[in-house]
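Going by my numbering, the residue at position 80 of the sequence shown is 229; the numbering climbs one at a time, nothing skipped.
Yeah, the Cβ is synthetic: ideal placement off N, Cα and C, and Gly gets one too.
Worksheet for the structure shown next.
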Amino acid sequence: MVRAMTKRLGAADASTQSARDTLARAEATRAAVLAEWAGHPGWTADAVAEHTGLALGDVNAAIKAARPRRVASTAPAADAGDGERRPGGVPRRAGR
């Protein structure tokens, strides 16, 4: 009995993960389509929301989710020669 239940639970877990993966892909596609639509000339998030019947907050969230994410630089900041470093790697000028 334990083996049979374990096997059924494993199959259910695999099915659940597959469904989650499919849902994540579908949501990403939906967000990309809404973002592309709102990006066309003459269209705004408000207009897309009104046309689709979606809540404006949902459209804005989808557009935000579809935006490419910026990856923070892992490069060290540039050294100004005087040992001081500035955020963004821009060296300080001497005397300032």
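query                                                                          : result
Beta-carbon spacing of alanine 180, alanine 215 below 8 Å                      : yes
Where alanine 175 sits in the DSSP three-state scheme                          : helix
CB-CB length for alanine 187 against valine 208, believed under 8 Å            : 7 Å
Supposed close pair alanine 184, isoleucine 212 - CB separation, criterion 8 Å : 5 Å
Cβ-based burial, alanine 194 [other Cβ within 10 Å; buried from 16]            : buried
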